[in-house]
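Notes follow the structure.
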Amino acid sequence: MSSSGITVGGVVNPSLTARRRSVPLRRSTVVLKAAMAVSGLIMVAYLLAHMYGNLKIFSGSAAFNNYAEHLRTVGEPFLPYGGALWIIRVVLLVSVVVHAYAAVTLWRRARRATGGRGRKRYESIQAPRGAQRTYASFTLRWGGVTIALFIVYHLLHLTWNTIHPGGASASPYDRVVNGFEIWWVVLSYTIAMAAVGFHLRHGIWSAFANLGANTSVRRRRQLNGLAIVVALVIVVGFLLPPFSILLGWVS
Amino acid sequence: MNIILRVWRQKNTRARGRMVTYRVEDVSPDMSFLEMLDVLNERLTLEGDEPIAFDSDCREGICGACGLVINGLAHGPKALVTTCQLHMRSFSDGDVIDVEPWRAEPFTVIRDLIVDRSAFDRIIQAGGYISIPTGAAPDAHAVPVPKADADDAFDAATCISCGACVAACPNGSAALFVGAKITHLGLLPQGQPERHSRALNMLEQHDAEGFGGCTQIGECTAACPKGIQLDVISRFNRDVLSAISHRGD
Amino acid sequence: MGQLVGNEDVALDSQFYTVGDPIADTKAPDGPISEKWDTRRFEAKLVNPINRRKRSVIIIGTGLAGGSAAATLGEAGYHVKSFGYQDSPRRAHSIAAQGGINAAKNYRNDGDSIERLFYDTVKGGDYRSRETNVYRLAQVSVEIIDQCVAQGVPFAREYGGLLDNRSFGGVQVSRTFYARGQTGQQLLLGAYQALERQVAAGTVEVYTRHEMLDLVVIDGRARGVVVRDMVTGEIETHLADVVVLGSGGYSNLFYLSTNAMGCNVTATWRAHRKGALFANPCFTQIHPTCIPVSGDYQSKLTLMSESLRNDGRIWVPKAAGDARSPRDIPEEDRDYYLERGYPSFGNLVPRDVASRAAKNVCDEGRGVGPGGRGVYLDFDEAIAELGRSAVESRYGNLFEMYEQITGEDPYQVPMRIYPAVHYAMGGLWVDYDLQSTIPGLFVIGEANFSDHGANRLGASALMQGLADGYFVLPATISDYLAEGPFAAVDASHPAAQEAADAVRDRIQTFLSIDGERTVDSFHKELGHIMWEYCGMERTAEGLTTALGLIGELRAEFWRNVKVTGENEELNQTLERAGRVADFFELGELMCIDALHRAESCGGHFRAESQTDDGEALRDDENFAYVAAWGFGGDDGQPVLHKEDLVYHDIELKQRSYK
Ligand SMILES: Cc1cc2nc3c(=O)[nH]c(=O)nc-3n(C[C@H](O)[C@H](O)[C@H](O)COP(=O)(O)OP(=O)(O)OC[C@H]3O[C@@H](n4cnc5c(N)ncnc54)[C@H](O)[C@@H]3O)c2cc1C
Ligand code: HEM
Ligand code: HEM
Ligand code: SF4
Ligand code: F3S
Ligand code: FES
Chain F
18 MSSSGITVGG VVNPSLTARR RSVPLRRSTV VLKAAMAVSG LIMVAYLLAH MYGNLKIFSG
78 SAAFNNYAEH LRTVGEPFLP YGGALWIIRV VLLVSVVVHA YAAVTLWRRA RRATGGRGRK
138 RYESIQAPRG AQRTYASFTL RWGGVTIALF IVYHLLHLTW NTIHPGGASA SPYDRVVNGF
198 EIWWVVLSYT IAMAAVGFHL RHGIWSAFAN LGANTSVRRR RQLNGLAIVV ALVIVVGFLL
258 PPFSILLGWV S
Chain U
70 MNIILRVWRQ KNTRARGRMV TYRVEDVSPD MSFLEMLDVL NERLTLEGDE PIAFDSDCRE
130 GICGACGLVI NGLAHGPKAL VTTCQLHMRS FSDGDVIDVE PWRAEPFTVI RDLIVDRSAF
190 DRIIQAGGYI SIPTGAAPDA HAVPVPKADA DDAFDAATCI SCGACVAACP NGSAALFVGA
250 KITHLGLLPQ GQPERHSRAL NMLEQHDAEG FGGCTQIGEC TAACPKGIQL DVISRFNRDV
310 LSAISHRGD
Chain H
829 MGQLVGNEDV ALDSQFYTVG DPIADTKAPD GPISEKWDTR RFEAKLVNPI NRRKRSVIII
889 GTGLAGGSAA ATLGEAGYHV KSFGYQDSPR RAHSIAAQGG INAAKNYRND GDSIERLFYD
949 TVKGGDYRSR ETNVYRLAQV SVEIIDQCVA QGVPFAREYG GLLDNRSFGG VQVSRTFYAR
1009 GQTGQQLLLG AYQALERQVA AGTVEVYTRH EMLDLVVIDG RARGVVVRDM VTGEIETHLA
1069 DVVVLGSGGY SNLFYLSTNA MGCNVTATWR AHRKGALFAN PCFTQIHPTC IPVSGDYQSK
1129 LTLMSESLRN DGRIWVPKAA GDARSPRDIP EEDRDYYLER GYPSFGNLVP RDVASRAAKN
1189 VCDEGRGVGP GGRGVYLDFD EAIAELGRSA VESRYGNLFE MYEQITGEDP YQVPMRIYPA
1249 VHYAMGGLWV DYDLQSTIPG LFVIGEANFS DHGANRLGAS ALMQGLADGY FVLPATISDY
1309 LAEGPFAAVD ASHPAAQEAA DAVRDRIQTF LSIDGERTVD SFHKELGHIM WEYCGMERTA
1369 EGLTTALGLI GELRAEFWRN VKVTGENEEL NQTLERAGRV ADFFELGELM CIDALHRAES
1429 CGGHFRAESQ TDDGEALRDD ENFAYVAAWG FGGDDGQPVL HKEDLVYHDI ELKQRSYK
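Those sequence lines, one after another, are chains F, U and H.
Residue numbers 18 to 268, in my numbering, belong to the letters of the first sequence in order.
Residue numbers 70 to 318, in my numbering, belong to the letters of the second sequence in order.
Residue numbers 829 to 1486, in my numbering, belong to the letters of the third sequence in order.
Structure (structure tokens):
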């Protein structure tokens, strides 16, 4: 529509209507997505390591506690006690903050771009799942929120020892075992892991694609395959200890 | 066959719109979807009603003017066709068919099923070209282009600027459209000098128009009548990131 | 030899028109034909770069012609306003061209040259085009390809990375550059992107969804246009130093054609009414390879690229009324009528020849498909010989399109094709500089009467559009603009106001008739009349009948049309009403032109003038001229001005593709 115009090179240009909101490069959709991708992948790497650590539970109390202790002593004497862990924590914290900030910004922008209604902006309800999208892609955002809530709960439970279903203990091993002997604790972790699984099923593919790695149909299949495998590994790997404890295989 | 249409009617940008139901009888399966609307419009006109406004021009799937959301899907249920190439044989007798305009905040509804897609032109203005003054070109054979690159560039260049990708994207992103142009020009030797600035400028305009970001959901490529593949979005992102990393140079 | 029409017919048709002074193209410089363009460019006055910003240009149309002109003139520094009726410049009808673009590059080393392209084009046009223009077209063709490649147009390439070529109907060399089946789209995107680049640079303003409804002529010069903002209904007057029309062709007059729904004659017709001569209106091209009509709700016909004739074989059953399915008809019962009748060109004869041959076999009752209006285009042999994948890579998208529309799979059953109206060789008369008879009104692309004579060769329209827009117009327009600065004018000038008022009145009239028939129903009926009497075969009697019928229908239109809604809104019925109203007037002129030209040439086939074996028979003695028609007033008769065609460099011959 031509009524309003915008000035370019000194002439009012009728074909340049409202240039709505100018967005600086560092907050552009592509840069925010890249930041999400990088922070997300850092967290994926952490989760893989964390999962590996958790599996030490099968080697018994000593091994697990040692491992927890080891985490705090790596790098010594170059780093103070707990230094490496703190570095990891800072990196993780920054990642979470960046990730969440970008997620919220993009979410709001997507809502604005769709009149606040996302995929539900059509009156028709004949294609509720769109043409092809995966379930995982639907759950990204609320799944992310679920994970955020879980992390808080999880830290309260196993790191800060604030809540202690099944009994408090100074030994991480005991805390874990005590907790997972209770069915609803296991259930809550299972739900969280489902959220993480879906999040990563889509997130890992998406992260690589956003960073420019999806260059062909074949590559797309590979990346999706990778995402599925990593998501499965993480979910299964994390759930092995709780269920083993619940079922009494580890005590 | 007989069908029931529920069509979005909206008198102008400011007016409130709503779905209106029409019965259309004796529809031939050989009709295109738009011809079926033409027939309905003839009837509405004779009844003194205002015909349903929709865009179309070439009616052979190439100009990109047409575009309706049919039963919740951009360009309707059939893959790889534009609305004008969708034929009634894709539907059956008695079907209820919902017809709506593209919806995205940058695509304001002008009337009924017509939206304003000028944002796309402005994105191209921002950098979707190769700067070559008329008459200054070297001989066409001066720069050979590997066939594979030429073919890939071509695939991306087939985008008809219809906007279905935006209409289908849950985030209202135009990443597929932008990516298609960036890929087309970025794969050719002629497009190299402006590759970085093009990506940054087109991105800036894309965001300024109010399109959402891409979450790699892929509805866009499923709706795209020209089958533009998702890798164009990745190439777009890659060009942006590489432009940023070269900024200091 | 067939029978030539005598003077009595001239007497019959002359009741419809009067004869005015002959005209001549005075701008082509003397000297050898190969040097004329250089000479003209050198002689043309230039506008100082600083002054260019102060010179304004209005360009109607953003197709290959208008889009490339706007981009180039913007780049040169002029202040350009560009208009089109679509919502984006990139949707101009040029986007639909499929097959390719010609250029005398001789990359194949198969004997091509500027001379040969020149010769082929003049011959293909059945010796009814102007030598000087065609020669220039062939010269410039070479630069077009360079320009487009540099813009990033992804032409088809070979494994060595160099450009591929194919051959097209009516010639024996491979000079056609192509981009799969979407050459027009890719070329237009190149021009469109160049145009948008100028928009960003601030030299060009683009007005989309704006339709030109009249030309403003002040003191004998074209100075502006009246346009309607198709969203708000506002009638706007835009003024400039020069006006360029690149508004495309008028084949939609026939209702069913391969043109886009919105293609119209309004821009050129309104200019004609303001004094521009309209040349050769009856030269329309009927394209042989279109998908046949399937029902009366049909809104347009779809072209299947002519390139299909490279590998497909055209046939019909030998016996009339043979109702067997094509695969059951054995070889000996098939008639490959083009290969039989034209052994040296076979399926690749020019369009007019191929179209008429199809009509003839259908008239004999040998046509296939519903209504017997179709012939087979068969790929069986090509698939067997080249393999399905080779055929798929060449024509895949066309096959898909065919299947989409007809629901039949051309890999299994032969395609059915039938001729359809496709291209308008006629248009506003222009001189060597592409200037019409109104000073300051330039006409480019399909909108002018062009370089194609009585028949256009495949892949030559894109070439002409881009030649005009990128190279010819930018060189010649400066000669005119250098005459300026012209007196400043504004929308309050009486002539401008009068034009705008007339446009408003006309719109009010449409809206107030409130009759009982839709615009489309009139358009359809007009189309039927034209196809019947002014289509592939024309007779004096039929044309006279048509003139009567059109007159009646036109009168009914103004009495009984129903246009709903109002002006101050987006109103597609109103838009169409204006276009159809102009088609009526053009239709009459077309029939008069066809009637007066009592010879057959190219796409214009008068049944009275044919050779013994049914080929078009030209009458060079009486008709070797361009018929440029002046507007004779609403109640008057058109005035015929003849521009004699003189051939220095090509010998007039009976065209033969046998
Ligand atoms: C299906 C098809 C296939 C073809 N294939 C080939 C091919 O392979 N090779 C070849 O050489 N040629 C081909 N042609 C012919 C060729 O495409 C056209 O002749 C050529 O593109 C015309 O270009 P143009 O710039 O003159 O006009 P167009 O591209 O038709 O542009 C007309 C412009 O004028 C504007 N306009 C029109 N009327 C008005 C108005 N009243 N007010 C404002 N704006 C107006 C329109 O908006 C548009 O922008 C084909 C044609 C068709 C129909
Ligand atoms: C703090 C809670 C979290 C929230 C709110 C959240 C939210 C999101 C959202 C909304 C997206 C979609 C991106 C978009 O909108 O474009 C996303 C992507 C992603 N998330 Fe999370 N997430 C969270 C935690 C995590 C965790 C813990 C991980 C890893 C273990 C992770 C890994 C990823 C990855 C890899 C992506 C893909 C990035 C991309 O598309 O570029 N997220 N997240
Ligand atoms: C069943 C699954 C899990 C188990 C058994 C588990 C166990 C633990 C334990 C025992 C600790 C404390 C380690 C220590 O203080 O030495 C811990 C810390 C932590 N866990 Fe988990 N965890 C699980 C899943 C997760 C998931 C899914 C996430 C992230 C999405 C996560 C994120 C964290 C974080 C961020 C810390 C804090 C690390 C730190 O103190 O620096 N955990 N986890
Ligand atoms: S990318 Fe596909 S859907 Fe999007 S505008 Fe281009 S052709 Fe249409
Ligand atoms: S659907 Fe949207 S999220 Fe990206 S992949 Fe397509 S633009
Ligand atoms: S009308 Fe041109 S693509 Fe549908």
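Positions of the beta carbon are idealized from the N, C-alpha and C atoms, including for glycine.
All figures in this text were calculated on a predicted structure; none of them were measured in a lab.
Under the DSSP assignment, Gln1240/H falls outside any beta strand (DSSP E); it carries neither an H nor an E label. Interface with chain U (7 Å Cβ-Cβ cutoff): Ala248/F is excluded. In this structure, Gly1286/H places its C-beta atom within 7 Å of the C-beta atom of Phe996/H. For Ile297/U, there is no enclosing alpha helix (DSSP H), as DSSP marks it with neither H nor E. Per the DSSP secondary-structure output, Arg92/U pairs in a beta bridge with Ile73/U. Close to Thr207/F, with beta-carbon spacing below 9 Å, lies no residue of chain U; the smallest spacing is near 26 Å. No Cβ of chain H is located within less than 7 Å of the beta carbon of Thr284/U. Counted as a single uninterrupted DSSP element, the stretch harbouring Phe95/F is not any alpha helix (DSSP H), since DSSP gives it neither H nor E. The beta carbon of Thr284/U sits closer than 6 Å to at least one heavy atom of ligand 5. Annotation for Arg880/H: no beta strand (DSSP E) segment contains it, though the alpha helix (DSSP H) segment containing it runs Pro877 to Arg880. Taking a 10 Å sphere around the C-beta of Tyr1485/H, we find 16 or more other C-beta atoms and assign the residue as buried.
Glu1134/H is the residue among Glu1134/H, Gly953/H and Asn937/H whose C-alpha sits nearest the C-alpha of Ile929/H. Here Gln1113/H carries a strand assignment [DSSP, helix/strand/coil]. Out of Ile105/F, Ala224/F, Gly196/F and Ile164/F, the CA that lies nearest to the CA of Gln285/U is found in Ala224/F. Distance between Arg235/F and Asn241/F, taken at the CA atoms: about 10 Å.
Distance from the CA of Leu1129/H to the CA of Tyr1246/H, rounded to the nearest whole angstrom, comes to 10 Å. At least one heavy atom of ligand 4 lies closer than 6 Å to the C-beta of Ile297/U. Under the three-state reduction of DSSP output, Gly260/U falls in the helix class. Taken in chain order, the complete alpha helix (DSSP H) segments of 4 residues or longer contained in the segment 1289–1350 of chain H are 1289–1294, 1301–1309 and 1322–1341. Spatial neighbours of Ser101/U in its own chain (CB-CB distance under 8 Å, excluding positions within 5 residues in sequence) are listed in chain order as Arg128, Cys153, Gln154, Leu155, His156 and Met157.
If you look at Trp266/F, you'll find it isn't in any alpha helix (DSSP H); DSSP assigns it neither H nor E. In this structure, Phe255/F has its beta carbon less than 6 Å from a heavy atom of ligand 3. For Tyr91/U, there are no neighbours in chain H by C-beta distance under 7 Å, as the nearest C-beta there is about 16 Å away. When 8 Å is used as the limit between beta carbons, Val150/U is near these residues of chain H: Gln1232, in chain order. When secondary structure is reduced to three states using DSSP, Ile1157/H falls in the coil class, being assigned neither helix nor strand. Not a single C-beta of chain F is nearer than 7 Å to the C-beta of Val247/U. Spatial neighbours of Pro857/H in its own chain (CB-CB distance under 7 Å, excluding positions within 5 residues in sequence) are listed in chain order as Lys864, Thr867, Arg868 and Glu871.
The Cβ atoms of Phe280/U and Ser230/U lie no closer than 7 Å to each other. With its beta carbon at least 7 Å from every one in chain H, Cys234/U lies outside the interface. Met1089/H has no beta-bridge partner at all, per DSSP.
When Cβ-Cβ separations below 7 Å define contact, Phe160/U makes no contact with chain H. Put simply, the backbone Cα of Val1053/H is about 23 Å away from that of Ala1252/H. Within 6 Å of the C-beta of Ser230/U there is at least one heavy atom belonging to ligand 4. At a threshold of 6 Å, Arg150/F does not count as near ligand 3, since its beta carbon sits no closer than that to any of the ligand's heavy atoms. For Ala932/H, the three-state secondary structure derived from DSSP is coil. Here the segment 1362–1378 of chain H lies against the segment 1414–1424 of chain H, with 3 or more beta-carbon pairs under 8 Å apart.
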